[in-house]
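In mature numbering (1 follows the signal peptide of the UniProt record, and there is no 0), the protein residues as written are -18 to -1, 1 to 648. The C-beta atom is built at its ideal place from N, Cα and C for all residues, glycine as well. Notes follow the structure.
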Amino acid sequence: MKNAIHILKLFAACALTAGSGACQDAGIEVYDASLSSLLRPSAVTAVAADSEHINVSWRGTADSYRLEYALNEDFEGDVSVAEPIEGNQYTVGELTEATSYYFRVMGLSDKTGVSSSEYSAVVTARTFTEPKIPNVKATSEMIYTITPWSITCTVTMTWGDAETEPEAINEIRATPTEGGEALLFPVSEEEAAAQRIAFSEGVLTDTEYTLELYAGKKMRGSCTHRTVPGPTPALYASAQPDFTTDPVSALAEIRWELYYIAPEEVSEIVLTRQGSETPERRIPITAAEISAGSTTVTGLAPGAEYTAALNAKDGKQIAATTFPTPEAPGQDVFIARPGDDLAAIISAPDRQYETVYLVAGEYTVTADAVIPIARNLELYSDDPARTTITMTKNFQPEGTLERIVLRNLRIECPTYLMQARSDYDIALLRIDNCIVDLNSKSTTASTIFNTTKGTATGQMLHQYEVVNSIVFSNAGQTQNIVYGSASGSIGEFEKIVMRNSTFSNCARGLIYVTNTADCAYEVIVDNCTLYNVGAAGSNALIDIRMAGTTNASRRKIALRNSVMWFGGTKGYQILRFAGSKEGQYVPKEQIDCSNFWYFASQTPTFGSSVYNIADRMTAYDGAPAGLWQNPMADPSAAGASFRIKDPAVRAAQENNETTLGDPRWE
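If you want it as structure tokens, here you go:
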């Protein structure tokens, strides 16, 4: 009898739920035998609607339901609940994209004596992946301010592109990749529209962050970025002779960059000489020096090496550096000061000193006639930026000389720097680390060294070097700026070297020789930058017309690791010799033009096809502004730079382990 009643109850329950299909779940117990609980929801389905919504539906007879969802099928840990739900479906929102969720449903009872149902079977669904905002990028930089004093690491983020509508991004989250709390930065409507924001508060240097864009709770794009390395406090020092003391001592300018150190924490400079553990000097730093960021220390020993330490008020070292002081001039060195008659000092027949040191300053060499150099001369200073010689007359070398050396000087010439008109035999002429301004602003020819026969019967220059120097002129002057010989000259040379130098703005070329001399010679142009040369289109870059043939086999030309731009619109002549007959020119096998560049728009020419080496030169297909950082006719002018900026050219040089042009620009 009980079995019959149970069957009748089951039939009645099925009849009540036929529309919901609850009885279709095979093998599932939908209620207990006494009907003391609601039927268990069945046919549960979960379908993703988009990246943050999932639609859940089921069958059941309850008036309301409880929906639970979690990130794991065991529903352990955090479980989200939606209740009461009237009806047989529900859309769950604010979910995370590309994430799997698990769902189960319970029928809720509101009747006495009838309990809520058991949980339904567990179903799962995964939210969609929504296309992210493209082009999410970040850069960072250190930004310093003096008043008020501050230093920050600022990150600039950009995203999106011009073709897409900007999204309503309202927050940036910057999370350290190696762990730590995220930094939150609000994004204004204007910044969201511009798709650009800069932020700095709390940002650390040399730290990798995951940077995320959020629109509400939705992450819409991200990138990783390592911020720039943070600077450390630094100390710099440079020393020079101090000629105000007797004997000559040294002084040093010491400057500092504090970065994260507040200026008011700075206390003193401590100087210790190399080889000693005891400080030699302690120099308190004044408020004015702190504000200027530098101090000058006098009374240092020449020819020594010092360690300078910048200390804080608590005694801790902030930064340190080591620097040498220059040697004091020897007893055989004449010390000249601005205002001295430099022409008289150099040309004096009884000059006892071969070496003349110029104290930094400006000198004007005035004379009624040329200034003879009849004795060895080394004329030098410490820095061409601080020592200038303005010439009114040229030097005239004469006699037998072992050397003429000009070093660390800026020389401004109205005409030739040197012109020889009598007999001379010079073993070495060297221009080293000088700036030679031959731009006289007139039409007078100007050259570093010019030779003419005059009264001479023999003129020989054995070695002539222009190294680490800048030489420029006036393109309106008809001159060759390094070496020139007038028609009928008997001047000879054995070797001319131009290395690590920049030559600019000349009407002709570097070297011009026209005489009947028959000598062996060698010309080397190595790592030089040649800009606006040959502007007049006459003469060649190297123009040597020695007609003799006896020593032709011992003549060599080297054009290496150099680049040139002709200033004119015609001529473009690289080499020219006396003729095209054997012995009158330097043959191709004696011409080295490795890594020698010219501009493709200026087809190079030669005095004769027999020594045309264009096929061994390299053409640059561009303009000067594309190759160099900021070329100028006056390379010594503020802002001028002949640093190679074309990335393809730089890469080619790096691959070949070479440097193109004057390496000092790098």
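Of the residues the options, which one's Cα is nearest the Cα of residue i?
i: Asn293; options: Pro306, Glu79, Pro245, Gly589; result: Pro245
i: Ala150; options: Leu165, Ser204, Val169; result: Val169
i: Ser75; options: Met88, Asp56, Leu49; result: According to the sequence as given, residue 75 is Gly; it is not Ser. The shortest Cα separation from Gly75 among Met88, Asp56, Leu49 belongs to Leu49.
i: Ala349; options: Pro366, Ala330, Val338, Tyr339; result: Ala330
i: Val439; options: Ile408, Ser471, Gln461; result: In the sequence as displayed, the identity of residue 439 is Thr instead of Val. Among Ile408, Ser471, Gln461, the Cα nearest to that of Thr439 belongs to Ser471.
i: residue 655; options: Leu383, Ala103, Val26; result: Residue 655 is absent from the structure shown; the chain starts at -18 and stops at 648.
i: Thr289; options: Gly162, Leu217, Val230; result: Leu217
i: Gly436; options: Thr460, Arg403, Asn462; result: Arg403
i: Ile539; options: Gly516, Ile573, Asn514, Phe548; result: Ile573
i: Ile272; options: Val96, Pro158, Val248; result: Val248
i: Asp322; options: Phe305, Ala301, Ile371; result: Ile371
i: Asn497; options: Arg237, Val515, Val479, Arg527; result: Arg527
i: Ala52; options: Gly69, Ala44, Asp32, Thr78; result: Thr78
i: residue 650; options: Asp143, Ala175, Ala176, Val137; result: With the chain covering only -18 through 648, there is no way to say anything about residue 650.
i: Glu68; options: Ser91, Phe85, Val118, Ala518; result: Ser91
i: Arg22; options: Ala351, Val87, Lys295, Ala633; result: Val87
i: Glu384; options: Tyr446, Asp332, Gly561; result: Tyr446
i: Thr600; options: Ala607, Asn612, Gln584, Ala164; result: Gln584
i: Pro148; options: Tyr465, Leu233, Pro116, Met124; result: Pro116
i: His444; options: Tyr406, Ala427, Asn450, Asp414; result: Tyr406
i: Glu112; options: Arg202, Ser428, Ala518, Ala457; result: Arg202
i: Gly643; options: Lys199, Phe181, Glu153, Asn577; result: Asn577
i: Asp597; options: Pro606, Trp579, Arg333; result: Trp579
i: Glu160; options: Cys416, Arg357, Gly142, Glu190; result: Glu190
i: Gly184; options: Ala156, Ile328, Lys199, Ala175; result: Ala156
i: Gln334; options: Val631, Val507, Tyr241, Leu359; result: Leu359
Check for me: the alpha helix (DSSP H) holding residue i runs from which residue to which?
i: Gln635; result: 629 to 638
i: Ser428; result: No alpha helix (DSSP H) contains Ser428, which DSSP labels as neither H nor E.
i: Gly608; result: 606 to 609
i: Glu380; result: That residue, Glu380, is in no alpha helix (DSSP H); it is neither H nor E in DSSP.
i: Glu271; result: 269 to 274
i: Glu173; result: 171 to 176
i: Ile327; result: 324 to 329
Quick check on residue i: buried or exposed, where buried means 16 or more other Cβ atoms within 10 Å of its Cβ?
i: Phe110; result: exposed
i: Ala313; result: Going by the sequence as given, residue 313 is Gln instead of Ala. Looking at its Cβ environment, which holds fewer than 16 other Cβ atoms inside 10 Å, Gln313 is exposed.
i: Ala107; result: buried
i: Pro379; result: buried
i: Asn638; result: exposed
i: Val61; result: exposed
i: Asp32; result: exposed
i: residue 653; result: It is not possible to answer for residue 653, since the shown part of the chain is limited to -18 through 648.
i: Gln256; result: exposed
i: Gln177; result: buried
i: Val118; result: buried
i: Tyr83; result: buried
Whose C-beta lies closer than 6 Å to the C-beta of residue i among residues of the same chain, with five residues either side of it excluded?
i: Gly343; result: Pro320
i: Glu474; result: Met442, Ala499, Cys501
i: Phe377; result: Ile353, Ile355, Met400
i: Val453; result: Val418, Ile463, Phe485
i: Thr434; result: Arg403, Ala468, Ser471
i: Asp616; result: Phe454
i: Lys(-17); result: Any reading at Lys(-17) needs caution, since the residue's pLDDT is 34, under 50, leaving its predicted position unreliable; the model's value is listed next. Counting only Cβ-Cβ distances below 6 Å, and skipping sequence neighbours, we find nothing.
i: Thr337; result: Val315, Glu360
At what residues does the beta strand (DSSP E) containing residue i begin and finish?
i: Leu340; result: 337 to 340
i: Glu474; result: 473 to 486
i: Leu541; result: 538 to 542
i: Val38; result: 36 to 41
i: Pro66; result: 61 to 67
i: Phe454; result: 452 to 454
i: Asn390; result: Neither: Asn390 is in no beta strand (DSSP E) and is coded neither H nor E.
i: Leu359; result: 359 to 362
i: Ala221; result: 216 to 224
Using C-beta distances below 7 Å, list every residue in its chain close to residue i, excluding the 5 sequence neighbours before and after it, in chain order.
i: Thr187; result: Cys135, Thr209, Val210, Pro211, Gly212
i: Ile317; result: Phe225, Pro311, Tyr339, Val341
i: Val515; result: Phe485, Cys488, Gly491, Leu523, Met546, Phe548, Gly549
i: Gly9; result: Residue placement at Gly9 is poorly supported in this model, since its pLDDT is 37, which falls under 50; the coordinates are not used for a value here.
i: Ile408; result: Pro379, Leu383, Ile386, Leu443, His444
Quick one: residues in its chain with C-beta nearer than 8 Å to the C-beta of residue i, no 5 flanking neighbours on either side, listed in chain order?
i: Glu648; result: Arg625, Ile626, Thr641
i: Thr551; result: Gly519
* Asked: Using 8 Å as the threshold, is the stretch 193 to 204 in touch with the stretch 215 to 234, meaning 3 or more CB pairs across them?
  -> no
* Are there three or more Cβ pairs, one per stretch, closer than 8 Å when the stretch 501 to 515 is compared with the stretch 535 to 554? -> yes
* **Sufficient close CB pairs (3 or more, under 8 Å) joining the stretch 586 to 603 to the stretch 555 to 563** => yes
* Quick one: any contact between the stretch 560 to 567 and the stretch 611 to 626, if contact means 3 or more CB pairs under 8 Å? -> no
* Asked: Three or more beta-carbon pairs under 8 Å between the stretch 379 to 394 and the stretch 362 to 370, yes or no?
  -> yes
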